[in-house]
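In the order they appear, the protein sequences are chains A and B.
Each residue of the first sequence is one higher than the last, beginning at 12 in our numbering.
Each residue of the second sequence is one higher than the last, beginning at 12 in our numbering.
A virtual CB, placed ideally from N, CA and C, is assigned to each residue, including glycine.
Number of protein chains: 2
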Amino acid sequence: MSPRVYKSDKRQAAAEDTRLRILTAARSLLAAAKPTQITLDGIAKAADVSRQTVYNAFGTRAGLLEALFDGLATRAGVDLSEAFAAPDVDAALRRFTETFSRFWAADPVAIRRLRGMAVLDSELDRLLRERDDMRRTALGSLLAARGVEVGPETIDVVWQLTGFEVYDGLARRDPERDPTGPIADAVSAVYAAARG
Amino acid sequence: MSPRVYKSDKRQAAAEDTRLRILTAARSLLAAAKPTQITLDGIAKAADVSRQTVYNAFGTRAGLLEALFDGLATRAGVDLSEAFAAPDVDAALRRFTETFSRFWAADPVAIRRLRGMAVLDSELDRLLRERDDMRRTALGSLLAARGVEVGPETIDVVWQLTGFEVYDGLARRDPERDPTGPIADAVSAVYAAARG
DNA sequence: AATTCAATGGACAGACAGTAAATCCAAAAT
DNA sequence: ATTTTGGATTTACTGTCTGTCCATTGAATT
Numbered sequence: 012m013s014p015r016v017y018k019s020d021k022r023q024a025a026a027e028d029t030r031l032r033i034l035t036a037a038r039s040l041l042a043a044a045k046p047t048q049i050t051l052d053g054i055a056k057a058a059d060v061s062r063q064t065v066y067n068a069f070g071t072r073a074g075l076l077e078a079l080f081d082g083l084a085t086r087a088g089v090d091l092s093e094a095f096a097a098p099d100v101d102a103a104l105r106r107f108t109e110t111f112s113r114f115w116a117a118d119p120v121a122i123r124r125l126r127g128m129a130v131l132d133s134e135l136d137r138l139l140r141e142r143d144d145m146r147r148t149a150l151g152s153l154l155a156a157r158g159v160e161v162g163p164e165t166i167d168v169v170w171q172l173t174g175f176e177v178y179d180g181l182a183r184r185d186p187e188r189d190p191t192g193p194i195a196d197a198v199s200a201v202y203a204a205a206r207g
Numbered sequence: 012m013s014p015r016v017y018k019s020d021k022r023q024a025a026a027e028d029t030r031l032r033i034l035t036a037a038r039s040l041l042a043a044a045k046p047t048q049i050t051l052d053g054i055a056k057a058a059d060v061s062r063q064t065v066y067n068a069f070g071t072r073a074g075l076l077e078a079l080f081d082g083l084a085t086r087a088g089v090d091l092s093e094a095f096a097a098p099d100v101d102a103a104l105r106r107f108t109e110t111f112s113r114f115w116a117a118d119p120v121a122i123r124r125l126r127g128m129a130v131l132d133s134e135l136d137r138l139l140r141e142r143d144d145m146r147r148t149a150l151g152s153l154l155a156a157r158g159v160e161v162g163p164e165t166i167d168v169v170w171q172l173t174g175f176e177v178y179d180g181l182a183r184r185d186p187e188r189d190p191t192g193p194i195a196d197a198v199s200a201v202y203a204a205a206r207g
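Quick look at the structure:
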């Protein structure tokens, strides 16, 4: 009765494929007009998969949302090397702002809804705050690497200025205008004032 | 068979009372630790009232949330007269920032959850954006009354800086520190830079 | 040919929103 | 005093959604 060990390749690939199909279906539903349809049943149908399969793949609704968020983060491929390579602090902050603006702009509706759901889901909330803290840490490093001396409050404000809510708030107010420039200008102004 | 006309006073008062009981119960549940319990049943039990009564008073869950939000807004009694009476623009902006900081600080958890729910409820979303736009309008008037000439992008950024999300983001990061000062400083810096 | 495993379909329990109807009771009108 | 009204309650129902269990299918692997 020694159990055979089955090492897959097609099977694992197929599983990964359905996993991806579910994620993309969930993402498009999340970004769609009707927020009503964001249900496991709806996602499963959109992915042409049984509801049970979603549970097999992600365990729970929260698990799916977390995977979805991770997918958004990695898909956008936030890359701060440009910011770190910038010639001066001002340019670095501008690159930093632009990098995250691109990230937020990639899928604002989905991000907005995910962040909304996080308010009622402490686990998802923890995840999002963790990510936001990473942005704050990166910003701190970016400035520390140049020996910049500004108080933590200043960094915190810049951190918020480059966050999703400010971007989304501005973008929703006037969908024509790209908020990136104004935000970058504000960051610059705040930094300049803090440096004295 | 002429139908009698019933003009109340005790009855209407009693109805208003239960309405208030429901609202305060909902508010405390909304601000409580467990976000799980925010259900019509839970609210009704907390208000010591039957679930039907909640429906009689507010029609629907969304209606209750809207009334709740209106209650928060009027309870806090946002008063911008100080800001409008300030000696100079800088002071005016500082008063403006302080006024809304106080508002956000009054019940941050409840506000956060309401705003989170709005993401999935287009009606509530419309209401919140309306309120946010009022803040933007007030800010515009505050500056226009002094003949200040800055671009709308600058006003928009200040508008976002004085919004709930920035305040809450900073307050959650460090519950010890009051974010009002740093925000006011940032507003000042952004304004100064825009004026040139 | 035997085994495994992803996926399916169906059934079920538990929460929750929302609706409907019968009833109770105190306040208001006659 | 009696009738009428309307707020509130109780009970029960529909419908939706999450989460779980399980028997079964069928293709991939041994």
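Of the candidates A/LEU76, A/PRO186 and A/THR110, the residue whose Cα lies closest to the Cα of A/SER92 is A/THR110. Spatial neighbours of B/LEU51 in its own chain (CB-CB distance under 7 Å, excluding positions within 5 residues in sequence) are listed in chain order as ARG62, VAL65 and ARG72. Within chain B, not a single residue places a beta-carbon under 9 Å from that of A/PRO186; the smallest gap is close to 13 Å. When CB distances to chain A are screened at a threshold of 9 Å, the residues of the region 34-54 of chain B falling below it are PRO46, THR47 and ILE49, in chain order. Distance from the CA atom of B/MET128 to the CA atom of B/ALA103, rounded to whole angstroms, is 33 Å. For B/ARG157, there is no enclosing alpha helix (DSSP H), as DSSP marks it with neither H nor E.
Taking B/ARG30 as the centre and dropping the five residues before and after it, the same chain places the C-beta of ALA68 closer than 7 Å to its C-beta, in chain order. If you ignore the 5 residues before and after A/ARG157, its C-beta comes within less than 6 Å of the C-beta of VAL100, all in its own chain and listed in chain order. Exposure of B/GLN23 is indicated by the presence of fewer than 16 other C-beta atoms within 10 angstroms of its C-beta. A Cβ of chain A is located within less than 8 Å of the beta carbon of B/GLU176. At the C-beta level, A/ALA78 and A/LEU40 stay beyond 8 Å of one another. Among the residues facing chain A, B/VAL161 is not included, as its CB has no counterpart in that chain under 8 Å away. In the three-state scheme derived from DSSP, where H, G and I count as helix and E and B as strand, A/THR71 is classed as coil. One alpha carbon belongs to A/ASP28, the other to A/ALA37, and they sit about 14 Å apart. Taking the beta carbon of B/GLY127 as reference, the chain A residues within 9 Å of it are ARG126, GLY127, MET128, ALA129, VAL130 and LEU131, listed in sequence order. A/ALA182 and A/ASP189 have their alpha carbons spaced roughly 7 Å apart. Note on the region 16-97 of chain A: whole alpha helix (DSSP H) runs with a minimum of 4 residues are 21-42, 51-57, 62-69, 72-87 and 92-96, in chain order.
Counting along the chain, the unbroken alpha helix (DSSP H) around B/THR110 starts and ends at 100-117. Look at B/ILE122: its C-beta is not under 8 Å from any C-beta on chain A.
A straight line joining the alpha-carbon of A/MET145 with that of A/VAL89 spans about 12 Å.
The Cβ neighbour count for A/VAL201, taken over all protein chains shown within 10 Å, is at least 16; the residue is labelled buried.
Using a Cβ-Cβ cut-off of 9 Å, B/LEU181 is close to GLU164, ASP167, VAL168, TRP170 and GLN171 of chain A, given in chain order. One thing to note: A/ILE122 has its Cβ within 8 Å of the Cβ of A/LEU83. Close CB contacts of B/ARG124 within its chain, under the 6 Å cut and outside five residues either way in sequence, are with LEU41 (chain order). Straight-line measurement puts the Cα of B/ARG184 at about 30 Å from the Cα of B/GLY53.
DSSP places B/ASP189 in no alpha helix (DSSP H); its state is neither H nor E.
Not a single CB atom of chain B sits nearer than 8 Å to the CB of A/PRO98.
Not one beta carbon of chain A lies nearer than 8 Å to the beta carbon of B/ALA149. Interface residue (Cβ-Cβ distance to chain B less than 8 Å): A/ALA195 is not classified as such.
In the same chain as B/VAL161, and ignoring 5 residues on each side of it, the C-beta atoms closer than 8 Å to its own belong to LEU154, TYR202, ALA205 and ARG206, in chain order. Boundaries cannot be given for B/LEU131, as no alpha helix (DSSP H) includes it and DSSP labels it neither H nor E. Considering only B/ALA58, B/ARG105, B/LEU76 and B/LEU139, the residue with the shortest C-alpha distance to B/THR173 is B/ARG105.
Secondary structure of A/THR148 (DSSP, three-state): helix. B/GLY74 and B/ALA149 have their C-alpha atoms spaced approximately 27 Å apart.
Between A/VAL60 and A/ARG32, the C-beta spacing is below 8 Å.
Among the CB atoms of chain A, none fall inside 8 Å of the CB of B/ALA102.
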